[in-house]
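Notes for the one structure printed next.
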Amino acid sequence: MFIKKLFVLICSSLISFVVYAQDQTIVNETNKVVDSFFQCDNQFFKQLAISKDTFGQYADLATVDNFAYIVVDSVEYNNKNKVIFKKPLEYKGLNIVGYQNIFIPTPLSGQFYYWGFILDNKSQDVKQSLTNINWLNFNEKIYFANPKIYDRKSKNQTWLDNPYSIDMVIPKPGTVEKSLYLEPITDNQSRIICSIQGDIDKKILYSVRPDMKPIDKEYEAKRKKRIEDYNRLKQKENQEKLNSQQEKDINQKLIITNSKNGDKL
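Here the sequence shown is numbered in the working numbering, starting from 430 and rising by one per residue.
Okay, here's the thing in structure tokens:
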């Protein structure tokens with residue numbers, strides 16, 4: 430009886446150890462993904478591809494070349510640019526519950542791209558948990574870290590530290606800026622997000638955001654279809670107007686002809 434109980438105890442311990450080991454593997458993989466995100470560069474999308482089987486338990490992923498990215502319905506519209514995870518992702522005592530991918534084009538101030546995580550934690554709690562990041566005050570509510578600038582006109586084609594990153598000041602023409610931000614969404618929810626903004630060409634964009642290449646292709650295809658649909662609609666409307674006018678002209682000629690014939694009688 431004792432041996433049987435001992436055998437059951439050993440088996441239970443082994444099962445618990447296996448489950449613990451599996452859980453630790455998942456934690457290690459997801460931690461690598463989130464760690465890579467804080468660099469605000471393509472390493473995040475590379476790590477997502479490496480850990481896609483594990484991270485796929487939390488969100489739907491798409492892959493392109495050696496990169497992967499978290500899928501949202503649309504980067505253009507506020508009600509479609511975020512996705513809530515299938516289950517919360519725990520990271521250093523924080524609860525990551527979603528992902529957001531935002532694109533804002535402007536006619537005069539350049540382009541603005543934002544991507545990052547939604548957390549069920551206050552921004553102050555996030556700041557205190559991520560002590561390895563040198564957070565600075567961006568304004569009264571928002572923190573930022575690791576600001577960089579890229580001058581497209583400079584011979585030194587590299588990202589440099591940007592000591593002049595200031596709230597409400599847009600990048601000057603010919604330059605691109607990127608940074609990490611932490612901001613509140615509600616009293617108990619916050620967002621930690623990367624930004625690349627300014628005078629961005631596709632080469633720079635895709636070097637930082639390889640996920641935008643397939644998204645751009647989809648966006649361009651949709652834009653082309655909207656233009657084609659609009660042109661077809663206008664062509665149809667113009668044809669209907671032409672037909673209507675021709676019918677009016679014919680009716681008018683008939684009235685005039687009948688009127689003249691009536692006068693002869």
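The C-beta atom is built at its ideal place from N, Cα and C for all residues, glycine as well. From a predicted model like this one, the values you see are computed outputs, not experimental measurements.
Item                                                                                                       : Value
Anticipated Cβ contact below 8 angstroms, K642 with V493, distance rounded                                 : 7 angstroms
Those residues which DSSP pairs with E666 across a bridge                                                  : E666 pairs with nothing; no bridge assigned.
Reference Q468, options N575, N566, I513, K516, closest by Cα                                              : N575
Per DSSP, the bridge partner or partners of T737                                                           : The requested residue 737 does not occur in the structure, where the chain is confined to residues 430 to 694.
Entirely enclosed alpha helix (DSSP H) segments - the region 479-534, minimum 4 residues                   : 481-484
For F541 and S624, the rounded distance between their alpha carbons                                        : 7 angstroms
Neighbourhood of Q451 by C-beta, 7 angstroms cutoff - its chain only, sequence neighbours within 5 removed : At Q451 the pLDDT is 48, less than 50, meaning the model places this residue with poor confidence; the figure from the coordinates comes in the next sentence. The answer is none, since no qualifying residue turns up.
Beta-carbon spacing of D464, V637 below 9 angstroms                                                        : no
Short Cβ contact (9 angstroms threshold) for P613 with S552                                                : yes
S619 - DSSP class collapsed to helix/strand/coil                                                           : strand
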